[in-house]
Structure formats: structure tokens, C-alpha cells
Ligand SMILES: *Cc1c(COP(=O)(O)O)cnc(C)c1O
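Residue numbers (this note's numbering): 837 to 1244.
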């Protein structure tokens, strides 16, 4: 293109500039967003797009929720960071509120989801040696096939996604993989060295894979029976997305360790945490784990407001209500360019018929119609609209998807 090419949009130019100087560890859609509110994003040319991804559920409360923005602005003017060497005045409220939301004694705040998963792994191992009495360096953790728990070297070591793990070894030992949803296989894998079962109650990155009814209850019972910690990675599934506060709530199950992230930061700042009772989290002593930014004043202020918003139950209810529309409309697409759908709350995995195109191609066509969504594992599209989306906007977005998969 040349300087006189008047058809080139600002979005195209900015996209090219961003791609030119960025490591290509992502393959973004060619849109450059400048502003967003609620469920709508506006690009640098002023075009509007309906957001059906919500930052992989980090934006459960939508873009720029007034309460969250107000909290962040107010906190920025007062205090942002002390490090954990000193206590700040936002800390007590955040940990107490989050602990209460989870029904647990203690909170350990970190920043990203992967760090929270790492924290759960460290705590489970230390608990295994100090409380359960597993011989030194023998601890094992059971994980599930198709998992996604983050991107650190330890975590990708127990992923079975070749893209995620190839050429990043050698990997940390101590993980046993069993098929997701197979309770018998999980029970058979537990032995005297097992300190924890780490699973997602619904696999998000895997394509919104919902385990068979009774699986989570079975995992809970197996863990209790064998003195093994149940660590539930609720980073993507939790905090209102599925119509309940936690995805584990659908089976009335309480894990020993909640692993939280994404929406905990309200789409404003990265906030993650693990939440557990004193007999588990109490194994950590000063110097054994930490993070410079974990639990900073801005994060705690925003996180407190997130917990306040969840405590009303309004967002969970909203997700449950809109689930009906999402389910009906998606099920009507099965056989019309869609092979299968899985829906829980305001969250769906949509398997696209390869005859229609790849997931990526469908997302590009959706973008041309003003809808932003993201494919996962080639042929699945994950829909996770902000929980504040209006029924009309959701219906319109689903109209666009129906048209694209029908080949319009
Ligand atoms: C996103 C995600 C993570 C990793 O979170 P980051 O903040 O990207 O490190 C871990 N587990 C699950 C289930 C996730 O969806």
C-alpha cells in the first residue's frame, strides 16, 4: 500500500504497526480497539463491535463498569502499591470479603491465573509433606486431559496440547494425567503419594467442556476418602459466568482450594488468588512464597468491589436468565453449520461444521458483521459475553452467528 491509498483504515495501519514489533505468540483478529463500554467495543475508526469473548471471562462485568472504574480512580489517587513488606488499608477488606464469598478462612493474593495455579501446586505439595506425611519429593498431583491452567513451564508440562508444550521441556515431574470426566480413572490414579487433584470444573480453553453430572461430587468424595486436596481451577468458570458464583456450585461441591483469577480483577487490573482453610493455606510461612505486586492496594480495592458486586447475586442471576436464550438459539443452529453446542450459564462452546470453515474463518466473518469472538482448538468457538449484555444485543449477536454458519 502507498501513502496515497485512501482505502486503508486507521485500524489497518495500527494493526500492522502492532504486529510488526510484537512477538507472534498470538494471532489476533485484525481489529484495533480504542474504547469500550459494557458489551461494546469501538475501534480506532469508530466502528462498533459486540464483544462475545469478554477477555476470556476477565470482563464478566463488562467494559468500564462504573462501580469498578470509580473504585480504581479513587484508589489511584490514594495508594497503589506498598509490597507485602507493609500492610495497606485495602488488604483486610479484600481478604475478608473474598474469604467469606468462598466460605474459607484464608486468602493468598497473586496477580495472574498461572501464578495462582502455581501457588496451589506449591501449597498442595507442602501440605502433602507436612500434614499428610508423603515422603520427601514424592508428591504427585492428578490433572485431567485437555486441561488449561496457564503458561508457566511447570503448568505446560502437564498440558496435552502440543502447541502449548512442544520444545519447552524439560518439565517438572510429579503430575499424573487422567481422562477428564472419568471418575473411575481418577480414583484408580490416587495413591499414597497423591496430594491433590487439580481440575477445571468446566474446561474453558478446551472448548467449554462440561463433565458428566456427578463427576465433581465424585471427585470431592474420592479426595475426602483418600485425604487428597481438591483444587478447583475456577479462573475462567467461576465468578458468575455459569449462573452461580462458582461452577462447583452446580453440583453443590466445595473444593479445598479455590483457584481464582480473570474476573477477580474486574477487567481493570490482574488479580488472582487461592482461597482455602487454615489447615491447608496455613502451611506457608514467611519467605516460602510471595509476589511483589500480589495483593497491591489497587488490586485489593478493585477486587473488593468485584466481591461486593458478586455478593448481591445479581450477575449470577443475569447469567442464568440469559442462558435460556443462548441455549435455545445455539441448539437451533445444530445441523445448520454447527455440529454440537455445550452451554452452562452465559458460556458456550460451539463446534463448527468443518464444511462451513474453520473457527478462525467464522470469527473473521463475524467480525465483518460487527461481532468479536474467538476460536479455540481449530473448530470450536467459545462464547462468553459480558454478563451485563442486554438480551437484544445477545440475540443480535446470535443472529450474526446463525447467518455466518448458515453460509450467508
Ligand atoms: C486463563 C486461565 C488460566 C491462566 O490465567 P492467566 O491470567 O492467563 O495466567 C488458568 N486456568 C484457567 C482455567 C484459565 O482459564
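Virtual Cβ for every residue (Gly too), placed ideally from N, Cα, C.
The continuous stretches of beta strand (DSSP E) do not include residue 1201, which lies in the alpha helix (DSSP H) extending over residues 1195-1204. Around the Cβ of residue 983, a 10 Å sphere holds 16 or more other Cβ atoms; the residue is buried.
Under the DSSP assignment, residue 1192 falls outside any beta strand (DSSP E); it carries neither an H nor an E label.
Residue 1213 sits away from residue 1103, with the two beta carbons spaced by 9 Å or more. Nearest Cα to residue 905 within the set 889, 1198, 1101, 1201: 1101. Here DSSP, grouped into helix, strand and coil, assigns residue 844 to coil. The beta carbons of residue 896 and residue 1073 sit no closer together than 9 Å. Proximity of the segment 1002-1014 to the segment 1145-1156 falls short of the contact definition, fewer than three beta-carbon pairs being nearer than 8 Å.
Looking at the DSSP output, residue 946 bridges to 1108.
Check the Cα spacing between residue 1151 and each of 1168, 1017, 1182: the tightest is with 1182.
DSSP places residue 1075 outside any beta strand (DSSP E), giving it a letter other than H or E. Counting C-beta pairs with one atom in each stretch, the segment 1034-1042 and the segment 1115-1122 have fewer than three that are closer than 8 Å, which means they do not touch. Rounded to the nearest whole angstrom, the C-alpha separation of residue 885 and residue 866 is 12 Å. For residue 1169, the closest of 1125, 871, 1240 by C-alpha to C-alpha distance is 1240.
The alpha-carbon separation between residue 1065 and residue 1025 amounts to approximately 14 Å. The three-state secondary structure of residue 1049, taken from DSSP, is coil. Within the chosen limit of 8 Å, ligand 1 does not reach the beta carbon of residue 1078 with any heavy atom.
At a threshold of 8 Å, residue 1071 counts as near ligand 1, since its beta carbon sits closer than that to one of the ligand's heavy atoms. Look at residue 1228 here: in three-state DSSP terms it is helix. For the pair residue 1097 and residue 1083, the CB atoms are not nearer than the 9 Å cut-off. Distance from the Cα of residue 971 is smallest, within the candidate group 979, 978, 961, 980, for 961. Remark: the shortest separation between the CB of residue 987 and any heavy atom of ligand 1 falls under 8 Å.
Inter-residue distance for residue 1186 and residue 1233 is about 14 Å (C-alpha atoms, whole angstroms).
Assignment of beta-bridge partners to residue 1069 by DSSP yields 1095.
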